Every structure is written in C-alpha cells, then in structure tokens.
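What follows is one structure encoded as structure tokens, with my remarks underneath.
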Amino acid sequence: MKRFSGWLLASPGTLFLVAILVVPVLLTLLATLTGPDGPLAPYLAFFSSGYRRRVVWRTLQVACITTLISLVIGFLAAYAVSRCPPWLKSLLVVAAVFPLLTGVVVRSFAWLIILGKNGILNDTLLRLGLLERPLSLLYTQGSVIAAMVYLFVPLMILTMVGVFEQIPDDVVQASASLGAKPLSTFFGVTLPLAVPGLIVGAVLVFTGSFTAYATPQLLGGEQQMMMGTLMYQQAMVRFDWTAASTIAAIMLVITLLVVLLMTRLARRLNPAAV
C-alpha cells in the first residue's frame, strides 16, 4: 500500500490536468480524423492551398526570427544582470518583470502608437529631418517581429538570470587560473553550462510567438496573416470548426517537432547538462 500511496495522492491533480489539458487536445485531433471524406482530407485540403502554405511559412519565419533575436538580447542582458551587485541585480530583475504586469493587448496597442504613420517613431524621424514623409511601418512582418521580441525578451531574461546564478564561480575561476582568456572561458565554460536555460527560453519564446493571436492581429492584420489569426478566422468568422481544428493540430505537431529538435540540439551541445 505504501508503494502506491504517492500515486493515490497525486491522482486527483493528475486527473484534473488530464481533463482540462489532455482531453480537449485529443478531442480537437479526433475532430480532424473522423470526417466523412477520410482522416487525411482536412490536412490535404489545408496544404493544397498556396495561401495557407504561405501562412504556415510566414508563421514559422516570424517565430524563428523572434526566437533568435530574443535569445541574443535575453542572453546578453541576463549575463550582464548576473554580474551586477545584488542591489542592482534586484532592480534590473524588477525592471525586466515590469512589462509582464501589463496585458498583451495593451502592449500591442502601444506599438500601434509607436509605429503608426503619425506615431512616435515617424514623428521623431520627421522632426530630425531624416524623412520627407512618414513610413508605413504597421501591418508588416517587421512590426510583428518587433512587438513579439518586446513581449518575450523578459521571459528569456528571467530564465537566463536563474541559469547564470547556478553556474559555480569556482568553475569560471578555475578556467581563468588555467590560463584561459575571458572570451575562451565564456565560450568554453559559461555558454555550454547555459545551454539548458537557452533551450527552455527558446521553447517558451517559440511556442508563444508561433501560437500568438493578439499581436499578429493588431500589428499584422490581413496582410500578415499568421496561424493563430487564421485559426480564429476559421472558428469565429466562418464557423468552420473542422478547419480550425486542423490548424490547431498542425500547430501542435510543428511545436512538438521544434521542441524535440531543440532538445536534441541541447544534447549535442552539452550532453551532461540535459
């Protein structure tokens, strides 16, 4: 009985999570496989459309670029924060967390004010004489990526600060005492030990940007349609729940494949850390 006591204690929470997380996903997948035209018909119909293939490619492109930029900015910022005195580190961590206290829609609307034709950026460039007429910055892929990076860099910073704090100072000092230069220590010691945090942060950023709806809808619109906005359109505008379920299933499969790929990459870079 003692052997199963742990499972019995965990079973209520496990069943609850299965009911609210796993079952809806399974029902969504089941809805795409039980159609009258066969289990693969919704997927063949989806990928037979050139427009929808472009939406998939655009979403992957935006998510990958957002992840790469967030990795670089978050990694460097977290490394700088981890080397600060404790009092300054606390202030910088609070500054990184502060944007997360505001909703995604509010932060996306802020970018509408910044990037609009009469927005802050165009107005500043016009006043400086760098432009003769306002630029069309909204409803472009660049505006979506900029807003996405702003949304997800705080998550990357918080993830990496914790990782850098777990790296023992003795290891870094040992590398320096053996004659390694600071740059060699960084790439030979610090970076490999930070690989798990990089993978976790990359997964968080990629998943969030790949499945985002509010930011692409507000800053991309119809011109920069992405998977999240396309799924909303199919479900809530056209009421085609089979097509919406198909899009959700495709997004789930792509996300899982990317996570597995990142995990495999992490094992290659640092087998002992994953």
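Going by the numbering used here, the first residue of the sequence shown is number 807, and it counts up by one from there. All C-beta atoms in this analysis are idealised placements derived from N, C-alpha and C, irrespective of residue type, glycine included. Quick caveat: nothing in here was measured; it's all calculated off a predicted structure.
Check: Distance CB(M966)-CB(A884) smaller than 8 Å; Outcome: yes
Check: Under the three-state DSSP convention, the category N928 falls into; Outcome: helix
Check: The alpha helix (DSSP H) enclosing E1028, as first and last residue numbers; Outcome: Unbroken run through E1028: none, as it is neither H nor E.
Check: Three-state class that DSSP yields for A986 in the structure shown; Outcome: coil
Check: Bounding residues of the alpha helix (DSSP H) (the contiguous stretch that carries E971); Outcome: Q947 to Q972
Check: Environment of G1014 [buried if 16+ CB atoms lie within 10 Å]; Outcome: buried
Check: Cβ pair count under 8 Å reaching 3, the region 1013–1033 against the region 856–867; Outcome: yes
Check: Segment contact, 8 Å Cβ cut-off, at least three pairs: the region 810–829 with the region 900–911; Outcome: no
Check: Inter-stretch contact (C-beta, 8 Å, three-pair minimum) for the region 836–856 and the region 1045–1054; Outcome: yes
Check: Coil, strand or helix - G819 by DSSP; Outcome: helix
Check: Beta-carbon separation (whole angstroms), R951 vs I1060, contact threshold 8 Å; Outcome: Note that residue 951 is Ile in the sequence shown here, rather than Arg. In fact, because the Cβ distance is near 18 Å, the residues do not count as touching under 8 Å.
Check: Alpha-carbon spacing of A980 relative to S990, whole angstroms; Outcome: 12 Å
Check: Closer than 8 Å to chain D by CB, R1073; Outcome: No chain D appears in the structure shown, which is made up of a single protein chain.
Check: Beta-carbon proximity check, G841 vs V959, cutoff 8 Å; Outcome: no
Check: Residue of L1071, W917, G856 and L894 minimising C-alpha distance to L1004; Outcome: L1071
Check: Where T1052 sits in the DSSP three-state scheme; Outcome: helix
Check: V1080 (DSSP reduced to helix, strand or coil); Outcome: Below a pLDDT of 50, predicted positions are generally treated as unreliable, and V1080, at 46, falls in that range; no measurement from the model is reported.
Check: Cα-Cα separation, P891 to G1007; Outcome: 24 Å
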